[in-house]
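Here the structure is laid out as structure tokens; the discussion comes afterwards.
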Amino acid sequence: MVAALVALAVLAGVVLAVVGALTEEESGSAHAARQGDSLSTDTSSQDALAATPMPTADPDDALPGPVSRQAAGVIELPRTTADGPADVPTGFPRTSEGALAQLAAIDVTAMQTGSMDGVRRVIAEWAAPGGPTPESWSGVAGMASLLSAAGLSGAGSPQLAIVVRPAMGLIKGTVGPQFAVVCVNLEFTVTVEQTSRIAIADCQRMAWVGDRWMIGAGPEPAPAPSVWPGTDTAIAAGWRDLRHA
79 MVAALVALAV LAGVVLAVVG ALTEEESGSA HAARQGDSLS TDTSSQDALA
129 ATPMPTADPD DALPGPVSRQ AAGVIELPRT TADGPADVPT GFPRTSEGAL
179 AQLAAIDVTA MQTGSMDGVR RVIAEWAAPG GPTPESWSGV AGMASLLSAA
229 GLSGAGSPQL AIVVRPAMGL IKGTVGPQFA VVCVNLEFTV TVEQTSRIAI
279 ADCQRMAWVG DRWMIGAGPE PAPAPSVWPG TDTAIAAGWR DLRHA
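Counting from 79, one number per residue, gives the positions in the sequence shown under my numbering.
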């Protein structure tokens, strides 16, 4: 039953989706005037990168499938060095791999709470100004749909267990050192009365704010394909295995 419910959620487009890009403001009116065109160009480049279409996949491709004999290639992720707000691991460097590691940590922490309060608390701490809110974030909508389909309240249930593993990833591109569009392919194991598994992909803009990567403001990137990790289809779509450095 749970497999059918989660598959239905994927068919309905219920995936984690948080968006944004944050352009750092600089002080000084003369310097700001000189930088105006540059900032506009950066924003246009960010929007173009985010909007570039991604490969597509059939909904059934998100369900467990045969493991490929091909080598997918590897993206080495930095390890967390600190505990961040809302219990999200952080301390990742200002690199595209660091942005990918931070997005994975945000997604895993939020969705493994198994409750509306949990996902809202995470996005409230990890969205930059102008970014998704505890009402608008698609992760919140996804959790609401999952709980509703399982016949549960917003508080979740002691019988509900959600384990999320970031299995594959890709780096779509960067614009300067403070903006990246990165994607993570997450393996969900959902248990209520029985256990079911499905892949859900999340492709987001990440902006460096202060001393950490955050989910910023701006149009949502083109969605990444939700494909079962390690399959021929996943490799063909550009997904690479994730490994901690």
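Cβ atoms here follow ideal geometry from the backbone N, Cα and C, with glycine treated the same way.
Here DSSP, grouped into helix, strand and coil, assigns ALA239 to strand. DSSP assignment within the region 131-198 yields the following whole beta strand (DSSP E) runs of 3 residues or more, N-terminal first: 152-155. By the neighbour-count criterion, in which 16 or more other beta carbons inside 10 Å mark a residue as buried, SER193 falls on the buried side. If you draw a 10 Å sphere on the C-beta of GLN282, you find 16 or more other C-beta atoms in it, and that means buried. One Cα belongs to ALA323, the other to LEU224, and the distance between them is close to 33 angstroms. The three-state reading of DSSP puts VAL262 in strand, counting E and B together. With a 10 Å radius around the Cβ and a threshold of 16 neighbouring Cβ atoms, GLU213 comes out exposed. DSSP lists ALA285 as the beta-bridge partner residues of MET292. Counting every other CB atom within 10 Å of its CB across the protein chains shown gives THR309 a total of 16 or more, marking it as buried.
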